[in-house]
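Protein sequences, first through last, are from chains A and B.
Per my numbering, the first sequence runs over residues 1 to 344.
Per my numbering, the second sequence runs over residues 1 to 344.
C-beta: ideal position from N, C-alpha, C; glycine also.
For clarity, every value in this text was computed on a predicted model and none was experimentally measured.
These notes are about the structure you will find just below.
Number of protein chains: 2
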Amino acid sequence: MTATPTPRVTIKDVAARAGVSKGAVSLAFNRKPGLSEATRDRIFRAARELGWAPSPTARTLAGSRVDVVGLAVCRPARLLGLEPFYMEFISGVESVLVERSCSLLLRLVRSPEEEVGLMESWWRGRQIGGSILVDFRAGDPRPAVAERLGLPAVAVGHPSLTGGLTSVWTDDATAVTEAVRYLAALGHRRIARVGGAAALGHTSIRTTAFDEAVRGLEPAARAWQVATDFSGDAGARATRSLLAAGRGERPTAIVYDNDIMAVAGLSVAAEMGLRVPDDVSLLAWDDSQLCRLTHPTLSAMSHDVHGFGAEVARTLFGLITGGGPGSHPVPTPVLTPRGSTAPP
Amino acid sequence: MTATPTPRVTIKDVAARAGVSKGAVSLAFNRKPGLSEATRDRIFRAARELGWAPSPTARTLAGSRVDVVGLAVCRPARLLGLEPFYMEFISGVESVLVERSCSLLLRLVRSPEEEVGLMESWWRGRQIGGSILVDFRAGDPRPAVAERLGLPAVAVGHPSLTGGLTSVWTDDATAVTEAVRYLAALGHRRIARVGGAAALGHTSIRTTAFDEAVRGLEPAARAWQVATDFSGDAGARATRSLLAAGRGERPTAIVYDNDIMAVAGLSVAAEMGLRVPDDVSLLAWDDSQLCRLTHPTLSAMSHDVHGFGAEVARTLFGLITGGGPGSHPVPTPVLTPRGSTAPP
DNA sequence: GCCTCCTACTGAACCGGTAAAGTCTCTATT
DNA sequence: AATAGAGACTTTACCGGTTCAGTAGGAGGC
Numbered sequence: 001m002t003a004t005p006t007p008r009v010t011i012k013d014v015a016a017r018a019g020v021s022k023g024a025v026s027l028a029f030n031r032k033p034g035l036s037e038a039t040r041d042r043i044f045r046a047a048r049e050l051g052w053a054p055s056p057t058a059r060t061l062a063g064s065r066v067d068v069v070g071l072a073v074c075r076p077a078r079l080l081g082l083e084p085f086y087m088e089f090i091s092g093v094e095s096v097l098v099e100r101s102c103s104l105l106l107r108l109v110r111s112p113e114e115e116v117g118l119m120e121s122w123w124r125g126r127q128i129g130g131s132i133l134v135d136f137r138a139g140d141p142r143p144a145v146a147e148r149l150g151l152p153a154v155a156v157g158h159p160s161l162t163g164g165l166t167s168v169w170t171d172d173a174t175a176v177t178e179a180v181r182y183l184a185a186l187g188h189r190r191i192a193r194v195g196g197a198a199a200l201g202h203t204s205i206r207t208t209a210f211d212e213a214v215r216g217l218e219p220a221a222r223a224w225q226v227a228t229d230f231s232g233d234a235g236a237r238a239t240r241s242l243l244a245a246g247r248g249e250r251p252t253a254i255v256y257d258n259d260i261m262a263v264a265g266l267s268v269a270a271e272m273g274l275r276v277p278d279d280v281s282l283l284a285w286d287d288s289q290l291c292r293l294t295h296p297t298l299s300a301m302s303h304d305v306h307g308f309g310a311e312v313a314r315t316l317f318g319l320i321t322g323g324g325p326g327s328h329p330v331p332t333p334v335l336t337p338r339g340s341t342a343p344p
Numbered sequence: 001m002t003a004t005p006t007p008r009v010t011i012k013d014v015a016a017r018a019g020v021s022k023g024a025v026s027l028a029f030n031r032k033p034g035l036s037e038a039t040r041d042r043i044f045r046a047a048r049e050l051g052w053a054p055s056p057t058a059r060t061l062a063g064s065r066v067d068v069v070g071l072a073v074c075r076p077a078r079l080l081g082l083e084p085f086y087m088e089f090i091s092g093v094e095s096v097l098v099e100r101s102c103s104l105l106l107r108l109v110r111s112p113e114e115e116v117g118l119m120e121s122w123w124r125g126r127q128i129g130g131s132i133l134v135d136f137r138a139g140d141p142r143p144a145v146a147e148r149l150g151l152p153a154v155a156v157g158h159p160s161l162t163g164g165l166t167s168v169w170t171d172d173a174t175a176v177t178e179a180v181r182y183l184a185a186l187g188h189r190r191i192a193r194v195g196g197a198a199a200l201g202h203t204s205i206r207t208t209a210f211d212e213a214v215r216g217l218e219p220a221a222r223a224w225q226v227a228t229d230f231s232g233d234a235g236a237r238a239t240r241s242l243l244a245a246g247r248g249e250r251p252t253a254i255v256y257d258n259d260i261m262a263v264a265g266l267s268v269a270a271e272m273g274l275r276v277p278d279d280v281s282l283l284a285w286d287d288s289q290l291c292r293l294t295h296p297t298l299s300a301m302s303h304d305v306h307g308f309g310a311e312v313a314r315t316l317f318g319l320i321t322g323g324g325p326g327s328h329p330v331p332t333p334v335l336t337p338r339g340s341t342a343p344p
């Protein structure tokens, strides 16, 4: 991209107008001591009159802060568009960034390797001051890379997955347990779960928790679990195969790992002539607006995704400004019963 | 954000290792003439061995390109999360940016004024090399601002809305007409439309086109149009009030301005005991995966949103690299009939 | 009245590149 | 043999800030 001949106003112009040196202007704008109130005022007035603001680029180069945080997301584009989660997460992150006049550098990547490379080049090129890492897998390479680079990074995921990185996480295990208990309390004994991508760490946490929760029930409950790719199509396929069995054989309740798959499940049930919730109960996850737009409405494990994103951003700032590492749980998803769940 | 003591490798190190001057390295990496093949090779080898890549920040400051494209989106966060459109659009944009190793700077803003301010500060601070502008309104201030700043900008919207900016657009009027013709051909004579935000330019284009399309039909067709905020809730409310009238009075077909509202409409119909498509036909817009996940599946005006985003990015690059302004229509949305439309 | 210490500010170096002008060497021309 | 010109680099001056070592001037101490 080529430059355009826009007449730029720089720190030098401001300094000249205020009758001081560049250095003084810099001191003023960084709220550092060593200037009299009068001079400070004069500088700010001059800046205001000229409509000047320090150039982030020059600031970065000069070795101070970098007002950008990175976020790479590694999921197929088509799925992302549908996952209400991400946009809402991003908007939560943004809400905090804006207060600090920071920006979000977003990139969709196709593989974890690409993401690692991107982080490295972003960081080494001083493009970002810190990064948000999502979708952890077992043996994820990113904690080691962040460590090696000294890149301030906040991991979204359970501490057991994020290898010592500062993390922000929801207690998926407890949430899954709660979901199962709720269905069990309604009287369900054959409970299935349509999970997300098997490779993702939080999926396996949920899988394990589901297994245990169901095993702990009396009278002996039976569990089915299916892994998908989070897409509606996969959710539909999984539901279809779960419900294909005969009346006394198939599950009477299904828990989904996101909203889209639950919506798909709802439509599969209808297509198979099964009534929800009379013949089968469905329970969604995340609880975007979508859950209230179906008929029947979808019961869901709800989540303040926006707040989640905000907390992640706040944690990242804490880290960047010298805070120590830590583990930040955010509230466990909470059950919101609606029309898609009932006794079997 | 504070700097960290990472040992950085700079152009100087590469120059030293290759036994040349900084200038030579710069020439090599910018593919400029004036270097022998041998030297060029030596430089690239040295760079590779040191794992060096030019710092975008320094490049920007030195006055050449800016490898970042800005996108500000002005819609409530909660809605954005649900609009499959944006994430898919963004992923399309990204797909082109990546090829040019460009990044996307994303910001959610709360008002058009904030967006204008942001563009100005991004551009003046050399944070972006160009910008993508979406959601045009009547009398939108952005074309004038882009013009004044000399900011390369691509507008997403019909040329009549985008005040002389280079624009990429779909022919909404034709698509609306086609939608109406299709429904009319099925035999519908009472056709309603649940539109998007009235303030947006493309909404009024669709509104006008709808009016005309319906007026042109014989025997005299009747039209209802409602404006919403694109949210599912609003779509549900609109549908409810449209369908509240008696059997012979209410519309027999409803066209929606996005997917979410159509899904909401579907559930309202069910809740009111109306069968789709027997009692009422529904037609969605944009056609995300969502339309295939409902029961019945939703007929829709389909759109290659990903490709749309890609075309926008390509157009922006054209503009930045000196291309003249222009108007780039992308294919008109095309009707995809599914299970939600039938003769009345 | 001299020395010291502060305060308020200046000047210059530097961040990591780009770009334009300058230098040196070698070949081709007359 | 002298000269011009091209090719291959190097030198140097920025870009727009930050930072740090100075320094001028005034207050305070003795």
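| Check | Outcome |
| --- | --- |
| Can you name the residues of chain A whose CB is closer than 7 Å to the CB of methionine 87 of chain B? | Leu80, Gly81, Tyr86, Met87 |
| I'd like to know if leucine 186 of chain B contacts chain A, where contact means its C-beta is closer than 8 Å to some C-beta of that chain. | no |
| List the DSSP bridge partners of tryptophan 224 of chain B. | B:Ala192 |
| Taking threonine 252 of chain B as the reference, which of B:Ile90, B:Ile191, B:Ala221, B:Phe210 has the closest Cα? | B:Ile191 |
| In chain B, what lies closer than 9 Å to valine 263 of chain A by C-beta? | Val263, Leu290, Leu293, Thr294 |
| Is there a C-beta anywhere in chain A that falls below 8 Å from the one on serine 55 of chain B? | yes |
| From which residue to which residue does the alpha helix (DSSP H) around alanine 270 of chain B run? | 259-271 |
| Checking contacts by CB at 8 Å: is arginine 206 of chain B closer than that to chain A? | no |
| Quick one: which residues of the stretch 104-119 of chain B get their C-beta closer than 7 Å to a C-beta of chain A? List them in chain order. | Leu104, Leu105, Leu106, Arg107, Leu108 |
| Glutamate 49 of chain A touches chain B at which residues, Cβ-Cβ below 8 Å? | Those within 8 Å of glutamate 49 of chain A in chain B number zero; the least Cβ separation is about 15 Å. |
| Taking the beta strand (DSSP E) that histidine 328 of chain A falls in, what are its first and last residues? | 327-330 |
| Which partner residues of alanine 284 of chain B appear in the DSSP bridge assignment? | B:Ala300 |
| Using a C-beta to C-beta distance shorter than 7 Å, which residues of chain B count as neighbours of valine 60 of chain A? | Here residue 60 of chain A is threonine; the residue named in the question, valine, does not match the sequence. Correct list: Thr57. |
| My assumption, with CB atoms under 8 Å, is that glutamine 127 of chain A sits in contact with glycine 232 of chain B. Please give the rounded CB distance. | About 37 Å; that fails the 8 Å criterion. |
| Nearest CA to the CA of glutamate 147 of chain A: which residue from A:Val134, A:Thr170, A:Met119? | A:Met119 |
| Please tell me whether valine 73 of chain B and leucine 108 of chain B are closer than 8 Å, where the distance is taken between their beta carbons. | yes |
| Looking at the structure shown, is leucine 151 of chain A part of a helix, part of a strand, or coil, going by DSSP? | coil |
| Count Cβ pairs between the stretch 271-278 of chain B and the stretch 324-336 of chain B that sit closer than 8 Å; are there 3 or more? | no |
| With DSSP run on the structure shown, which of helix, strand or coil describes isoleucine 43 of chain B? | helix |
| Spatial neighbours of serine 36 of chain A within its chain, please: C-beta separation below 8 Å, excluding the five flanking residues on both sides. | none |
| Aspartate 257 of chain B and glycine 195 of chain B - do their beta-carbons sit closer together than 8 Å? | yes |
| For alanine 72 of chain B, which residues does DSSP report across the bridge? | B:Arg107 |
| Hey, does isoleucine 11 of chain A have any beta-carbon neighbour from chain B nearer than 8 Å? | no |
| Which residues in chain B sit within 9 Å of isoleucine 260 of chain A, going by Cβ to Cβ distance? | Gln289, Leu290, Leu293 |
| According to DSSP, simplified to helix, strand and coil, what is arginine 247 of chain B? | coil |
| Are serine 121 of chain A and aspartate 67 of chain A touching if we call contact CB-CB under 8 Å? | no |
| CA-CA distance, alanine 28 of chain B and alanine 310 of chain A? | 43 Å |
| Is there a C-beta anywhere in chain B that falls below 8 Å from the one on serine 346 of chain A? | There is simply no residue 346 of chain A to check, as chain A begins at 1 and stops at 344 in what is shown. |
| With serine 204 of chain B as the anchor, note down where its alpha helix (DSSP H) starts and where it stops. | 201-215 |
| Classify methionine 1 of chain B: buried if its beta carbon has 16 or more other beta carbons within 10 angstroms, exposed otherwise. | Note on methionine 1 of chain B: pLDDT 44, under 50, position unreliable in the model; no value is reported. |
| Measure the C-alpha to C-alpha separation of methionine 199 of chain A and alanine 245 of chain A and round it to an integer number of angstroms. | Going by the sequence as given, residue 199 of chain A is alanine instead of methionine. Using only the alpha carbons, I get a separation of about 28 Å. |
| Identify the contact partners of alanine 364 of chain B in chain A, using a Cβ-Cβ distance below 7 Å as the criterion. | Coverage of chain B is limited to positions 1 through 344, which leaves residue 364 of chain B absent and any answer about it impossible. |
| Can you grab the Cα-Cα spacing for the pair alanine 3 of chain A / leucine 104 of chain B, in whole Å? | For alanine 3 of chain A, the predicted model reports a pLDDT of 36, less than 50, meaning its position is unreliable; a value from the coordinates is still stated below. So the two alpha carbons sit approximately 18 Å from each other. |
| I believe proline 143 of chain B touches leucine 319 of chain B by the beta-carbon criterion, under 8 Å. Please report the beta-carbon distance rounded to the nearest angstrom. | The Cβ separation is near 14 Å, so there is no contact. |
| Compare the C-beta of arginine 190 of chain B with all C-beta atoms of chain A and state if any pair is closer than 8 Å. | no |
| Quick one: using the 10 Å Cβ neighbour count with 16 as the cut-off for buried, is aspartate 41 of chain B buried or exposed? | exposed |
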